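Written below as structure tokens is the structure these notes are about.
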Amino acid sequence: NDCDGEVDGAVCDGGLGCAEFNECLGGCGDDPLCAGACQAQTSAEGMALYNAAVACIIDNGCVALPADEQPQCFDQFCGEAIAACLTHHGGGEPPEPGTLTCSEYNDCLGRCAGEQGCFQDCRAAASREALGLHDAAVACVIEAGCFDLPPEASAECQMTFCQAEIDACFSQQPPPEPATTCEAMLMGCAVPNCLPTGDVECARQCVAADAPPEAVERYLDTLECGLNSGCDLSDLLCLQMACGPQIQACIEDNEPPPPPPPADCFDECIQQADQCFQTGVDPLQCDLEQRRCELGCMPDAPCEEWCFIDELECMAMGMPPELCAGMLDACMTACQPVSVCGDGVCGAESCATCPEDCGECPPPDPCVTECDEALEACFAEGTEPIVCDVTHWQCALDCDPEAPCEDRCMAAHELCWVQGNPPEICDEPLFRCMDACLPPPAVCGDGICGAGEGCVGCPADCGACPEPACEDRCMMAMDECFMDPALADPQICELQTELCRLSCDPNAPCDLTCMLEAELCHLDGQDPQVCDEAVQQCFLACEPAPPACGDGMCSADESCGTCPWDCGDCPPAHEGVCDDGVDNDRDGWTDCDDWDCQGVGPCPAEICDDGVDNDGDGFIDCVDWDCGDDPACGPAPEPEICFDGVDNDRDGFIDCVDWDCGDDPACGPAPEPEICFDGLDNDRDGEIDEADCFPF
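In my numbering, the protein residues as written are 1 to 696.
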């Protein structure tokens with residue numbers, strides 16, 4: 001009954017667990033030989049779990065039920081036994097878990113209609129967390145006896161005894177969407193989905209399978225910095241202060257600044273060298289390896305220093321000096337940027353090779369010249385080339401006041417070695433020299449923002465931390481609110497956050513603020529009457545202030561006469577200037593068209609017997625008011641009689657329309673004084689708000 005590869009479609013790979021055995025049987029149909037082959041390839045533990053699940057199903061009568069009722073029976077009585085079987089795997093790694101959430105898994109089961117294969121497919125598609133939450137909810141319902149009740153009573157029972165487990169199932173969020181860029185992993189996935197709850201595993205799931213290695217490395221560096229910062233992962237401000245460079249590099253897709261070497265980096269180099277010496281390797285070779293290690297402890301070590309080590313190794317191997325010198329020249333050239341003489345940039349050139357870009361060479365440094373001469377003399381004396389080179393290196397460092405302190409230590413140590421001194425003589429001075437090169441430890445209050453200090457831990461040296469933006473303060477306050485153990489209702493946090501955001505917007509609707517404050521007042525459990533009075537006062541404060549003289553707005557009940565500060569100065573009573581093209585008194589008539597200008601300045605007077613409108617006012621000869629007493633128009637006008645229907649004074653107005661009849665009893669009660677700017681002819685003189693108003 002051995003089974004290799006496939007047996008009638010059932011895959012049997014050997015060493016099957018309970019889950020694989022169940023799948024193997026599913027492919028056998030009614031073939032007993034195939035079923036036997038599946039069993040032969042299943043471990044004893046897998047068979048025991050399978051038999052336990054089957055026995056549970058049979059003992060509880062699940063197989064006797066209609067197909068659509070069987071899954072509920074399985075869950076109710078045999079959920080744990082079935083889960084134990086389906087999570088038991090053999091013959092290699094278990095399959096990858098699914099991605100369905102607990103609520104999605106529950107919906108999937110509801111669509112199975114009693115089909116066992118569908119039930120298994122749903123379980124395989126669910127995440128491990130979803131299965132755990134669902135199994136916990138089902139176990140609670142079973143323990144409470146809710147499945148034994150009628151549907152309505154069962155639902156009430158579940159809400160009464162298993163509300164927390166059911167809510168936990170249906171509130172499970174789907175896994176975060178993985179991303180391929182560092183910024184999307186951090187800002188689009190981890191920050192909104194994982195960091196608020198401090199879920200590190202969730203944050204790791206933000207990395208897509210096809211993400212570039214550089215982006216993954218930057219993201220994991222940022223995540224590691226956050227984990228080692230001591231900050232609560234939900235405290236975004238703390239994380240920004242602690243891991244600002246890494247976060248910025250992730251967002252801008254740049255490499256973060258190189259971290260400082262670990263404090264024990266040089267110690268590790270020395271320990272490796274000691275182990276090398278104990279193996280019997282040439283001490284010079286061990287010393288060169290130590291130098292390589294120590295250069296690796298310095299992120300900013302010059303490229304040329306590596307070239308010198310290569311040259312020393314070449315000589316230690318007994319290679320011809322000219323070969324080693326050629327290697328050194330090639331290495332030094334590779335350290336220089338590529339440049340072109342004449343491009344105006346002094347790159348890899350020098351004053352000796354390209355004075356056009358680099359300028360004329362300064363006079364040679366006597367100290368360096370002396371070192372070069374000493375090197376030539378050393379070679380001429382037949383001294384070991386490596387001794388000459390190390391001596392020249394040390395001499396050149398002594399000539400450079402800005403040479404790195406560590407280089408001086410290493411040169412002295414190297415010279416000690418090549419001169420044949422034992423390790424105990426050379427190492428101790430190196431330790432003391434390297435210790436002296438270390439910067440003094442940062443001290444808060446010394447005025448220097450040193451390593452390990454920041455605006456959070458030492459504002460005295462590093463300055464105060466920048467004030468977060470208004471919206472950021474609202475979000476931080478919301479995080480603190482949700483973390484408050486005394487919080488009674490999460491909606492309080494949401495209302496406080498919305499009110500905070502409204503306060504950030506100077507154009508936010510005032511009435512919306514009032515409504516939110518009223519809702520928050522009631523949620524806080526305050527006296528309803530106090531809340532209602534407060535919201536009424538808030539709405540009153542939202543109403544615009546009534547118009548007032550001096551508020552910069554000329555309202556309907558203000559005028560130039562009552563409030564010139566808002567409405568401007570009133571126009572003059574008369575046209576005044578008759579040739580400026582301006583309606584100075586704002587009566588609708590300009591210059592010579594205005595009666596005030598008749599016969600004034602450039603405006604001609606009316607001639608009363610020539611049949612011409614000389615003054616251009618629309619009235620000719622005797623019809624013009626200007627001709628009222630002209631002899632050409634007959635005898636002098638008589639006083640106006642206010643009830644005869646005749647224009648006795650020939651002024652163009654008859655009876656009560658004439659100003660002369662304003663106080664005549666025939667025209668009604670005596671007219672009132674003119675009220676300026678009310679739009680009425682109060683004095684019944686035929687003009688509204690006329691020249692009577694000017695001046696006051």
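Glycine included, C-beta positions come from ideal geometry on N, C-alpha and C.
None of the values given here were measured: they were computed from a predicted structure.
Query	Result
Identified DSSP bridge partners for L100	A126
For C567 and P639, the rounded distance between their alpha carbons	42 Å
Q496 - containing alpha helix (DSSP H), residue span	490-504
Closest by C-alpha distance to E183, when choosing among C206, C140, C169	C206
Contact check, C458 vs M241, beta carbons under 9 Å	no
Collapsed DSSP secondary structure at V443 in the structure displayed	coil
Proximity to Q271 [Cα-Cα], best of E558, P509, F431	F431
S555 CB to nearest heavy atom of the ligand ADP below 8 Å	Among the components of this structure there are no ligands whatsoever, and the ligand ADP is therefore not found.
Residues near G9 by beta carbon distance below 6 Å, same chain, minus five either side	Confidence at G9 is low in this model, with a pLDDT of 38, below 50, so its placement is unreliable and the value that follows should be read with caution. Here the set comprises G27.
Neighbourhood of C118 by C-beta, 6 Å cutoff - its chain only, sequence neighbours within 5 removed	C112
Bridge-paired residues (DSSP) for L16	T42
W306: first and last residue of the uninterrupted alpha helix (DSSP H) it sits in	303-316
Same chain, Cβ closer than 8 Å to L16, five either side skipped, listed in chain order	C24, C38, Q41, T42, S43, G46, G90, G91
Status (buried if at least 16 other CB within 10 Å, exposed otherwise) for T383	exposed
Alpha carbon of Q496 to alpha carbon of M478, nearest angstrom	8 Å
Range of the contiguous alpha helix (DSSP H) that encloses P509	That residue, P509, is in no alpha helix (DSSP H); it is neither H nor E in DSSP.
CB-CB length for A632 against D609, believed under 8 Å	4 Å
P439 to A301 span [Cα, whole Å]	17 Å
CB contact check: V368 to chain B, cutoff 9 Å	In the structure shown, chain B cannot be found, because there is only a single protein chain.
Alpha-carbon to alpha-carbon, D630 and P602	22 Å
Classification of E20 by the beta-carbon crowding that lies within 10 angstroms, buried from 16 upward	buried
Cβ-based neighbour list, F277, same chain, cut-off 7 Å, excluding 5 preceding and 5 following	P283, C286, P423
Local Cβ density within 10 Å of C18, reported as buried at 16 or more and exposed below that	buried
Cut-off 7 Å between Cβ atoms - residues of its own chain near L375, not counting five sequence neighbours on either side	C388, H392
Given 8 Å, three or more beta-carbon pairs between the region 195-212 and the region 160-172	no
Endpoints, alpha helix (DSSP H) assigned at F296	Going by the sequence as given, residue 296 is Gly instead of Phe. Unbroken alpha helix (DSSP H) run through G296: 283-296.
Meets three-Cβ-pair contact criterion under 8 Å: the region 153-162 and the region 77-88	no
Classification of E93 by the beta-carbon crowding that lies within 10 angstroms, buried from 16 upward	Here E93 scores only 47 on pLDDT, less than 50, and its place in the model is too uncertain to base an answer on.
Best match in V418, G318, Q419, L397 for proximity to C409 [C-alpha to C-alpha]	L397
T222 vs I247 beta-carbon contact at 9 Å	yes
Residue interval of the alpha helix (DSSP H) (run including L86)	70-86
Those runs of the alpha helix (DSSP H) which lie wholly inside the region 146-197 and span at least 4 residues	151-161, 163-170
V612 beta carbon less than 9 Å from that of C626	A small fix is needed here, since residue 626 is Asp in this sequence, not Cys. Not closer than 9 Å, so no.
Best match in V646, C642, P673 for proximity to I660 [C-alpha to C-alpha]	First, the amino acid is wrong: residue 660 is Asp here, not Ile. Answer by Cα proximity: C642.
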